[in-house]
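Residue numbers (the numbering used here), protein chains in the order written: chain A, 49 to 146; chain B, -13 to 185; chain C, 716 to 1133; chain D, 32 to 1031. Cβ atoms here follow ideal geometry from the backbone N, Cα and C, with glycine treated the same way.
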Amino acid sequence: MLRITCPFCGERDQVEFAYGGDAASVFPDLADADLDRWTDAVFMRDNPRGDHREFWQHQHGCRQWLYVVRDTVTHEIKSTLPAREPRRAAATHEGRKG
Amino acid sequence: MPEQRSALASVYKPGRVGVYDGPAQVVLFERANRTLVQVSGWPGSFRELCRKLETLLACRMPEDGLKAISQGQRSIFRVGPERLWVAGPSDDDLLMRFDGAALGEEAVVTEIGHSRTIVRAAGAEARTLLNRGLPIDLDFTAFPVDAFAQSVIHHMPVLVHRVGDSDFDVYVARDYAVSFWEWLTGAARSLGCQISGPE
Amino acid sequence: MTHYSAFALVRKALGGNRGWSRAWRNAEPKAGYDVVIVGGGGHGLATAYYLAKEHGITSVAVLEKGYIGGGNTGRNTTIVRSNYMIDGNTRFYEKSLRLWEEMSHDLNFNVMLSQRGQLNLCHSPAQMDAAARRGNIMRMNGIDAELLSREEVRRKAPILDFSDEARFPIVGALWQQRAGIARHDAIAWGYARGADRHGVDIIQGCEVKGFVWERGRVVGVETTRGAIRANKVGLAVAGHTGHLAKMAGLRLPIETHLLQAFATEPVKPILDTVVSFGAAHFYVSQDDKGGMVMGSDLDGYNSYGQRGDLPLIEETMADAKAIIPLLSRLRVVRHWSGVMDMTMDGSPIICKSPIDGLYIDGGWCYGGFKASPASGWCFAHTLAKDQPHELNARFTLDRFRRGYQLDEKGMGPTPWAH
Amino acid sequence: MSAQPCRLARGGRIDRSRALSFEFDGRSYAGFAGDTLASALLANGVHLIGRSFKYHRPRGIYTAGLEEPNALVSLRRGGRHEPNVAATTVELFDGLEARSQNSWPALDFDLMRVIDRVSRVFASGFYYKTFMGPTRGAWMFYEKFIRRATGFGTPPLERDPDRYEKGHAFCDVLVVGGGASGLAAALAAGRSGARVVLVEDGADLGGSLLSRPTGGDTDAWLRTVVGELRRLPNVRLMTRTTVFGAYDNLVFGLLERVGDHLPVPAPEQPRQRYWVLRARQVVLATGMLERPIVFGNNDLPGVMLASAGRSYVNRFAVIPGRKIVVFTNNDTAYAAALDLAASGIEVAVVDLRSAVSAELQHDARHAGIALHPGCAVARANGGMHVRSVEVCTFDSAQATIGDAKLRLPCDLLLVSGGWTPTLQLLGQRGAKPVYDEKRAMFVAAEIPRGYRVTGSATGEPGLRLRVASGLKQGSTAAQACGFAVSPDAESVGATFHDERIMTDITPVAAIPDPPDAGYRKKFVDFQHDVGFDDIALALREGYESIEHLKRYTTLGMALDQGKTSSVNALAIAARMLGRPINELGTTTFRPPYRPIAIGALAGPETGLHFKPIRRSPMHELHARNGAVFTTAGFWLRPWYYPKPGESPRDAYIREADAVRKAVGMVDVSSLGKIDVQGPDAAEFLNRVYTNGFDTLVIGKARYGVMLRPDGIVADDGTTSRLSENHYFMTTTTVGAGKVMTFLEYLLQTAWPELRVQLTSVTSQWAAIAVAGPRGRDLVAALVRDVDFENAAFPFMGVRHGHVGAIPVRLLRVSFSGEMAYELYTPAGFGEALWQALSDAGQPFGLVVYGVEALGALRIEKGHVAGAEIEGRTTLADMGLARMASKKKEYIGSALSRREGLIDGNRQQLVGLEAASSAVALRAGAILCEPGRHQGHGIGFVSSVTYSPALGRHIAMGFVAGGMSREGTVIDAVFPLRGEVTAVRVRSPHFVDPEGVRLNA
Ligand SMILES: Cc1cc2nc3c(=O)[nH]c(=O)nc-3n(C[C@H](O)[C@H](O)[C@H](O)COP(=O)(O)OP(=O)(O)OC[C@H]3O[C@@H](n4cnc5c(N)ncnc54)[C@H](O)[C@@H]3O)c2cc1C
Ligand SMILES: NC(=O)c1ccc[n+]([C@@H]2O[C@H](COP(=O)([O-])OP(=O)(O)OC[C@H]3O[C@@H](n4cnc5c(N)ncnc54)[C@H](O)[C@@H]3O)[C@@H](O)[C@H]2O)c1
Ligand SMILES: Cc1cc2nc3c(=O)[nH]c(=O)nc-3n(C[C@H](O)[C@H](O)[C@H](O)COP(=O)(O)O)c2cc1C
Ligand SMILES: [Zn+2]
């Protein structure tokens, strides 16, 4: 069973969480109507064997969306952050893309 | 205000659950006369909001999502990074007067008093009982008095609050209340359980 | 090679069973082939077989990193059916079922196709409507289907929960008599033996680690047993499609997820059909040995780990008991899992890739066992003719960009929810 | 009831003061508390227990533990019937009933035994080679017979009356195994203060110590250690509990057998309890299991593992034979030989090794044991029970066998082929063991993080060292959890003198047949009847990978999962292939460690409690009003309210009709409700809905549609603006959870800069829709503080008022197309509001209606619902293209412009009506051009109802070309019932297309 450490609630069973999939593909800005970029973000995946950046929601807990790095072979969770934080960080560093 | 009807009204039957010798190891009852208000804010201004609440309620605000602050009849849970639940008796005039005006622009107040049913599980085996469905470590070292956790029991979202050495309050969504009650009393059968009248 | 028959069994038994020959040669890799198929599962082996049989292409190697049939072919719940509704899927899966029906004879290898019928249970009027639409499409395409009432379902499988205790009472079912189960290992071994007879090299313990390139074109593979050249390289590696495609620099509309399966102790026959529960994603059949073979949902997160976990195990066991209460005291003797290539619409991909010389057969999700023969048949066609057969014409990679998804479940691009 | 002819007068760990009676195959026997079914049968001289899986060979008791391959019986009756239970794992209770399996007509006379005579035809994989003719579907004919022949025991045919519980547990150190090393580990960890859970499969603690003679120094040690463990409050001892699986992140699945040792579980107690245990460190003290040697007729009743013989005599005071031969390739079996000889039984030892240590020779001579070194048992003789063994000379260096030397008469043959550490749990974690040639055993190689192995599971046979390693590993595990270990933690090291150390073994797995001996059956996997020859055949045919070998022969796939057979199979295959064992590798260990009942894992999630039920605040009232419920997700919703004798169809038609003619009310509390607040709420809604919400004025509601990112319609509902920054959104019942999650996803992952708060308030509000021409009159009669004039409270208006003291939020929205209001009130007032409406409604002709009538009304009005929003349709497909704002982008807008989504050939929503009022329409029908009923047609019928307003069946459906076909007649084809119905395409707005009624 995955035990995910929610930065707010602590280490919890997987059953409290909902999976949100690949966190590496980011939606383009809504104003960006480029079909290829949207196709890429919505349909295409790196699907790595190893570290995978992904979203989980602490659905039955604080309801935060978390940004998790997890190994897809060992299932070991390497890190967990509130999703809005890396996004914020990215926004200030490289300018907001979406 | 008219009286709220308990979601458990149709299934609540004080008395023993199952047959057993000796005293009950768990006592269950509904805490019917409680209410709940949610106050949310934003990262930049949440501290400020908490300070306002502290003045208003004359009590500290919780720092984390692990431990509630209880004072008198009120308990305050930080259910999210910028979100609080304030629980109190249903005639708590302060909670009834909560609104944006009292707390300012940076607060979002949502009345959720009808959305949860609150059940008390008390007694030596209360912890055993809850752990039949609750995936949270209730050991005293990990979950002392006033600790709380939002989690899930048999697919039903719950908030569990330790209110005493062997007393727990469970907040469950109202539409699940009957199923939760059936689960709870079912799981209690092997422990020796008494249902007392609602509080 | 020995022809298999009851007569041969008796004759060889009299000779102390010493007279049997190898089912397939243990081939050593050659320097090059016309076609190299990566992946020795049902799909890869069927492709090799049909390349040789239908297209006369016999300079073919199947490279398998482990042992043939050890991927999802050897770890699935073996349900075979052709009850697909979306145009593009329907006739492909029916072709597959027809190939299944000929397979034992064609291969001279009993794949034990048991057309015992499948019940797709419905628990609400809305589900019955959806089942009707599916069944009608099947019938219009010459595929057998029936809509059963609760009472008719009870006659087929009296051990399902028809009591007042059922949380999701059975309203009716969609029934396909020609659906059923088959022997998982047999199709790998049968196709291997068939392909071998045509001269195909089956090379086990040979993992593809990269591609050999020439002028932007794939002209072979790098393997743990050296480089092997090929005019065309076909991938049929199931859950590893994304991983191999990445070696070729391709991003695919695929995520790898794990799916579990369960087998119980064997008991005398109690369930004569395949049953799929409509109120949860759960399916069960009783195999010929007597064990109940069961499966349910994905574990729900990307994974290449071939092992499942408790949340889904509990869920599956609860499903099993909910639909067949009598299973309560039967015991699970083993549970295992496979890694699957889940596409963004739940339908497969059989096409030329954007890279010259590289062809893809993948995205089978959890439904590719039944597809093995038609997949091999169509992939062989695509490899041989350099263009798709009309049956796999819609299984393209660009359907996502173009907006022609084949979303049988209407789930959208959340593969873990398909 | 008979006496127990094979029970020793003294000794053992049974309770002679508690005599028990039990039945096997209808005969009564006596045993004692503390017996297993196997030991009690042996005490009564019963050795023949069942027939084998494939060849129906007689089988007896082979072991004294859960690794038992042979002695499978059926237990109990009715709903408690259990097939395939190993008699060695059944604790005896009074009145126990057991039956043998797989024989007909009787256990000692089984007709299917003929198969054994022609067994070579049924060699491994025979079914792949036959049953293919004469016709193509021939297998369907043969399969019936095959299925009847296989299958072992019979399944239960009644519902299981027992309950199952689940528990969640947490600890610092988990110790698996309650033998000497496990107890030592638990003690060391426990003394540090760490929270320790020790799990032992058996009923008693002690593991292999319990198989030693009673009264020795180990018993004293055991008492001390267990005594102290019981006193430590931080240590929990769980017996009769199996760790069946080691899962990710040090989470373990445990099964506690609470009531299996009783005739029926104690009152209110469950039969079994499934535990999910999360540990921080784990110590595996799982011991090791003995394995057989393979030789002719080695499956005969009366052949048994040496350690089992030792257990029976010492633990159960049973003498399993009067004249015993022990056949071994190592030292450990001498312990059994000596203990049995000490009970006054005649024992001979046949040892494969020519050189047996002087010490052993001395002990044997002293005990009067005849020793035959350098010899092998080549065959067990006897029909239903071993009568003698054929002993041949054996050259252990070459592993070659000589001629038969002598025939030793005996009635019990004990075998020891070496030991296999129990490493299944490590294997489940993907840590494959490696073969140690010298010790002839698989030992742990890589040890996963958090795991430790101790005791004989490491391959260490000496008791003193096992205890020492247990203490050590217990301490380090506690330390790893941050607990300080006191110096005395390891002070209970055992001081007792050590026993026979297994230093010397001649690793021979199978004894070749002596020259000119003729064909002999030699079994490797007893439970699946897989023999030596089957392995040879599989390898000959190229199934050389160890996994192919397993699958082709079914080796190790039975209930015992090869616990006694897999190492021998490997050794035999390695020898045949001329390759080292390590090169072949092992097959994969998978959970469960021992078979686990489905019911146990389902726990309390069964029957009506399979999934919880969500109930509306008015649920009880509906039930009292005779509602028939239907499911929507976890919700139960009133489907219709039949009057006595009324059919479902009549009921919904009556209900729908009354709404159009007077007024009706329906419970819509299950709709998802989301409170949306914050300065950016308007902007947020603009981004997630296809239409605009910033322009919505305060006090008004608007219908909105959301797309998935891929441009397909996801959900719909109304959203009201309560104040500048406060919106109240509703969603569909089934879509509620998904929508909430997706909105939070967008806010937190994509647009964290938006200041919006979302709260699910689905449970907070009861909701009632009142609809019909007299709806306003009814509502206005109750709500006195709102002006209901059309101008003051127009269509799509939102107001706040009271019914008596009950606060209500009123939305003038309409799903039915009638003049309608949705009334929202806090859930605890829902019943009171419903009752008030109900009471006040009589004069207005109020009817209550369910979701079927709701469906009828919305179809008449052309509103889409779940059958249309089915995950493949676009806004335009549903005729809602006008809702796609052109002024802004929103989620899904970019991809909704893909060519496939704007393809002119897409199927689009239309209304359909039966050409004649006598004809019924059906949902799920396929729409076709007249007479061209092939392929996928040109569309399908999504929703159907009988329209009371139109007096005929009407439908919604999707058809290529959509409304361009208006007025044409096409075929609705339903081959499942052989029906073709002509239908006319028309606007889906069947009733009041201008909206006169709802604006009235
Ligand atoms: C638990 C479970 C239940 C299922 N139930 C059903 C069902 O009931 N009905 C149904 O129709 N389908 C079912 N499926 C799906 C079905 O099993 C698969 O879709 C199908 O077997 C795929 O066949 P394949 O030949 O493409 O893949 P596989 O059989 O997985 O073969 C792919 C092979 O490629 C090899 N490979 C991978 N990478 C490399 C490399 N780099 N080099 C060389 N070789 C490589 C692998 O070792 C593997 O043997 C189920 C799947 C699972 C896991
Ligand atoms: N002559 C002999 O009798 C002899 C010689 C050499 C070795 N041995 C073996 O040495 C071992 C003794 O060493 P030990 O104290 O380390 O082991 P043990 O066998 O005494 O204890 C292991 C215990 O672990 C329990 N166990 C194993 N897997 C379990 C699981 N998954 N869940 C719950 N319980 C589980 C078993 O029931 C057993 O009681 C014995 O296996 C014994 O047979 C015996
Ligand atoms: C249809 C089917 C039935 C199976 N039945 C059994 C069984 O009765 N006993 C068993 O041990 N394994 C059974 N297995 C599982 C295999 O032993 C094995 O777990 C599976 O092929 C996956 O391989 P792995 O566990 O080696 O990774 C079955 C597998 C399949 C696909
Ligand atoms: Zn959290």
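If you drop the 5 nearest sequence neighbours on each side, which residues of the same chain put their C-beta closer than 8 Å to that of residue i?
i: R680 of chain D; result: Y977
When the cut-off is 7 Å and only beta carbons count, does residue i lie next to chain A?
i: Q136 of chain B; result: yes
i: D1024 of chain C; result: yes
i: G51 of chain B; result: yes
i: N756 of chain D; result: no
i: G66 of chain B; result: yes
i: W1131 of chain C; result: yes
Following the continuous beta strand (DSSP E) through residue i, name the residue where it begins and the one where it ends.
i: A50 of chain D; result: 46 to 55
Along the alpha helix (DSSP H) that carries residue i, what are the first and last residues, could you check?
i: W169 of chain B; result: 163 to 174
i: F773 of chain D; result: 767 to 776
i: I890 of chain D; result: 882 to 892
i: C1093 of chain C; result: 1087 to 1100
According to DSSP, what are the bridge partners of residue i?
i: E321 of chain D; result: D:W450
i: M800 of chain C; result: Paired residue(s): none; M800 of chain C is not in a bridge.
i: E16 of chain B; result: B:V105
i: E970 of chain C; result: C:M1057
Enumerate in chain order the residues of its own chain whose CB-to-CB distance from residue i is below 6 Å, with the five nearest sequence positions on each side excluded.
i: D747 of chain D; result: V736
Kindly say whether residue i, judged by its beta-carbon, lies nearer than 7 Å to any beta-carbon of chain C.
i: G146 of chain A; result: A caution first: G146 of chain A carries a pLDDT of 31, below 50, which makes its placement in the model too unreliable to give a value.
i: R93 of chain A; result: yes
i: S794 of chain D; result: no
Using a 10 Å radius around the Cβ and a threshold of 16 neighbouring Cβ atoms, would you call residue i buried or exposed?
i: E189 of chain D; result: exposed
i: K145 of chain A; result: Its pLDDT being 34, under 50, K145 of chain A is placed unreliably by the model, and nothing is read from it.
i: D442 of chain D; result: buried
i: M(-13) of chain B; result: exposed
i: P643 of chain D; result: buried
i: L716 of chain D; result: buried
Establish whether the CB of residue i and some CB of chain B are separated by less than 7 Å.
i: Q788 of chain D; result: yes
i: A117 of chain D; result: no
In chain order, what residues of the same chain have a beta carbon less than 7 Å from the beta carbon of residue i, not counting five sequence neighbours either side?
i: A139 of chain A; result: Model confidence at A139 of chain A stands at a pLDDT of 48, short of 50, so the residue's coordinates are unreliable and nothing is read from them.
i: R1022 of chain C; result: S1052
i: L727 of chain D; result: R733, R752
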